[in-house]
Amino acid sequence: MSVNIFIPGDSGAVAVGADRLADQMAEAIKTRGLDAEIIRNGSRGLYWLEPMIEVETDRGRVAYGPVKSSDLNGLLDAGLLEGGDHPLALGLTEDIPFLKRQTRLTFARCGVTDPLSLKDYRAHGGLTGLETALGMSPGAIVAQVTESGLRGRGGAGFPTGIKWKTVLEAEGAQKYIICNADEGDSGTFADRMIMEGDPFVLIEGMIIAGIATGATKGYVYLRSEYPHAIRVMNRAVEIGRAHGMLGASVLGSDYAFDMEIRVGAGAYVCGEETALLESLEGRRGIVRAKPPLPAHKGFLGRPTVVNNVISLASVPIIMDKGADFYRDFGMGRSRGTIPVQIAGNVKQGGLFEAAFGMTLGELVDDIAGGTATGRPVKAVQVGGPLGAYFPRALFDTPFDYEAFAAKDGLIGHAGIVVFDDSADMLKQARFAFEFCAVESCGKCTPCRIGSTRGVETVDKIRAGDEPEAQVTLMTDLCNTMKFGSLCALGGFTPYPVMSALTHFPEDFRPASMTQAAE
Amino acid sequence: MEHRHVDTDVAAKTEAIVGRLKALEGPLLPILHDVQEEFGHVPQAALPVIAEGLNLSRAEVHGVVSFYHDYRDQPAGRHVIKLCRAEACQSMGGDDIAERLLELLGIDWHETSSDGAVTVEPVYCLGLCACAPAAMVDGDVIGRFDADAAASLAKAVRT
């Protein structure tokens, strides 16, 4: 019987040599005359082990990693195809602690299946959510999503069901489902992983959103920095059309839904929903004032749902298993699971999907195993470039929208970036302003001008030019940006800056003063 | 003479792209992507053709082209290196490696080497944050981009 060998095609695995490995494996299968087939799966999200090869055995899937090209022959000699022992053997994939401790709902299939096999997708529970939805009224679908407690996973945390209800009730001959796949936050890669590893779950979620709100057309606005994801999504849409998942009659029903993949052009601000709509319409990605809400006047002025990739990809399981099933995970008003992306200076970086409520400390010390450099953790930035830096003193903060807000931070898209004690928090504060200056759309003054003035102020602190007065000025500037900016870019840049100042004030004193104090 | 010939060629090819894509809802970005794919940058001569095809002013089209980081107004080097400068890569020493690579190549951010071999651009996140620092070379992704990788890349783009 032919043995299945899994070598991820995920770009995180490809970046560390998975393509080369797959080529070599194909060659070895030929020269050794092996009865085996290579499947390019998504990534399991255990990136420190990538490229991670898995082999299907009677006992289950056995993993090996990280595998270098030079390891391949040794692995085959050790009986890779039978799950043989080897220094790189990790045992049964499902038993790897990092994976075993997770609750994979949204990412249930990611890394398990062939991303572009609709047959695989169905065999692993795909399409059942859509089939359930096809037998329900739009209002009932919206109610189920509302009851599940699902909130926008892009960062804002707005209840998904409420947004859908607004679009369902809006009048309009043409409505749209727009998936925000402009995942620009550093430290985040959940959207990329799901689009590369299980694209049909996103398509299924968008179709369900379409049925629920009366929208028949969908767009995925996908950032250009993700060429692999663009290829996989385009291919998945073609396959979906060819198999009647998309088109004039979704799975043979009376519902029509079709979609297109649109590629961004390198503007971070287009991750903001109104700038995204402008961009999709073919204009500069300038933020729109709200109201009107996109739900009323969105794409081309028509009623539009704009949801993040993970929000939409979580919908199929909610329709399949029910609102209660999903809502029973989590804490407080944060229900269900959140795919936390552990990144930066960590021993074990990757995707960790778990119910809301895990503390930051558990994730950093326990799950990630501390820093890659082996030095003490100094700060953890949670929620991307607009998220706050957390010191160890706040590691008891649980992953929960409200708990993070209470500590002057945000979950954002749930990326966490770990820094060791060599980090210079003044430099990080400067970077936050600099990034805002580079990416500002320019519409509102606090963001456009404030960011540049912020960089200058930080430079003066660094130079020891009246540092105390500059810190006061920077604090005041942050206050203006926070309350005077039109969107989260200018409005949230103060989070990294002020958290760096609040928790690491020693880094904001010029070197001469620090030395004098010692 | 030569110049005018090139402009005519740009206009003809751009017109074909516009014709193929203008029925899309919001066709401008897809058109600009294809124009850049065709010419390696968005030539000035393409702008009036796009403007006319979409019933926009030339200023509007220029405004869009200049807004987005991806669109170039002149061709890049034979190789394009994008280095991630965002936080996750910073935490793994990405800044130092970027400095080192720029030094080896003798250019600064956004610049093309005088022999036309290579352009280096910053990028803010490639989504490879768990195998940082990250880079992209001619569309291929590279993770765990260390000083050795930078040195061999600097050599490779010159040969």
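One line per chain: the protein sequences are A and B, in this order.
Take 44 as the starting number for the first sequence in the numbering used here and just add one per residue.
Take 4 as the starting number for the second sequence in the numbering used here and just add one per residue.
No residue lacks a Cβ here, since even glycine has one placed at the ideal position from N, Cα and C.
Check: Pro136(B) classed as buried or exposed, judged by whether at least 16 other C-beta atoms fall within 10 angstroms; Outcome: buried
Check: Counted within 10 angstroms of its Cβ, other Cβ atoms place Pro548(A) as buried (16 or more) or exposed; Outcome: exposed
Check: Met95(A) in three-state terms, based on DSSP; Outcome: coil
Check: Buried versus exposed, by CB contacts within 10 Å (16 or more), Gln77(B); Outcome: exposed
Check: Sequence-distant residues of its chain with Cβ nearer than 8 Å to Thr149(A) (five each side left out); Outcome: Ile237, Val244, Ile353, Ala356, Ser357, Ile360, Thr380, Pro382 and Glu396
Check: Contact with chain A by Pro30(B), beta-carbon distance below 8 Å; Outcome: yes
Check: Buried versus exposed call for Thr515(A) [16 or more other C-beta atoms within 10 Å across all chains shown]; Outcome: exposed
Check: Contact set between Ala89(B) and chain A, taken where Cβ atoms lie within less than 7 Å; Outcome: Ser229 and Pro428
Check: Residue from Cys87(B), His36(B), Ala150(B) and Ala15(B) whose Cα sits closest to the Cα of Glu106(B); Outcome: Ala150(B)
Check: Close beta carbons around Pro242(A), own chain, < 7 Å, minus the five adjacent residues each side; Outcome: Pro158, Val275, Met276 and Ala279
Check: Test item: CB-CB of Val82(B) and Val121(B) under 8 Å; Outcome: Val is not the amino acid found at residue 82(B); the sequence shown has His there. Cβ atoms of His82(B) and Val121(B): closer than 8 Å.
Check: For Pro202(A), the three-state DSSP class (helix, strand or coil); Outcome: strand
Check: Three-pair Cβ contact test at 8 Å for the region 212-220 of chain A versus the region 343-350 of chain A; Outcome: yes
Check: Coarse secondary structure for Leu135(A), derived from DSSP in three states; Outcome: strand
Check: Residues of its chain near Ala436(A), where Cβ-Cβ distance is below 8 Å and the 5 sequence neighbours each way are ignored; Outcome: His546
Check: Amino acids of chain B, ordered along the chain, whose beta-carbon sits closer than 7 Å to that of Ser267(A); Outcome: Asp73
Check: Touching by the beta-carbon criterion (3+ pairs, under 8 Å), the region 7-23 of chain B and the region 39-57 of chain B; Outcome: yes
Check: Neighbour list for Val67(B) in chain A, Cβ cutoff strictly below 8 Å; Outcome: Gly325, Arg326 and Arg327
Check: Euclidean distance between Cα positions of Met401(A) and Arg75(B); Outcome: 45 Å
Check: Selection from Leu453(A), Gly154(A) and Asp463(A) that minimises the alpha carbon distance to Gly534(A); Outcome: Leu453(A)
Check: Within 8 Å, strictly: CB atoms of Gly227(A) and Arg266(A); Outcome: yes
Check: Nearest neighbour of Ile250(A), chosen from Ile205(A), Asp408(A), Pro181(A) and Lys525(A) [CA to CA]; Outcome: Pro181(A)
Check: Cβ separation of Val425(A) and Leu403(A), assumed to be a contact under 8 Å, to the nearest whole Å; Outcome: 7 Å
Check: Gly309(A) beta carbon less than 8 Å from that of His72(B); Outcome: yes
Check: For Ala398(A) and Thr146(A), the rounded distance between their alpha carbons; Outcome: 7 Å
Check: Residue span of the alpha helix (DSSP H) that contains Lys470(A), given as start and end; Outcome: Met468 to Glu482
Check: When Val210(A), Tyr538(A) and Arg196(A) are compared against Tyr432(A), the one with the closest alpha-carbon; Outcome: Tyr538(A)
Check: Contact set between Asn388(A) and chain B, taken where Cβ atoms lie within less than 7 Å; Outcome: Ser94 and Met95
Check: Reduced DSSP secondary structure (H/G/I, E/B, other) of Tyr298(A); Outcome: coil
Check: Residue-chain proximity (Ala137(B), chain A), Cβ-Cβ < 8 Å; Outcome: yes
Check: Beta-ladder partner(s) of Met139(B), from DSSP; Outcome: Lys85(B) and Val144(B)
Check: Every unbroken alpha helix (DSSP H) within the region 327-380 of chain A, with a cutoff of 4 residues, ordered by chain; Outcome: 352-364 and 366-370
Check: Residues near Thr372(A) by beta carbon distance below 8 Å, same chain, minus five either side; Outcome: Correcting the residue type first, residue 372(A) is Phe in the shown sequence and not Thr. The residues are Thr146, Leu148, Arg378, Gly379, Thr380, Ala398 and Phe399.
Check: Inter-residue Cα distance where the pair is Ala272(A) and Arg235(A); Outcome: 6 Å
Check: Residues near Lys421(A) in its chain [Cβ-Cβ closer than 7 Å; skip 5 each side]; Outcome: Phe462, Asp463, Asp464 and Ala466
Check: Residue environment, Ser191(A), which counts as buried when at least 16 other CB atoms sit within 10 Å; Outcome: buried
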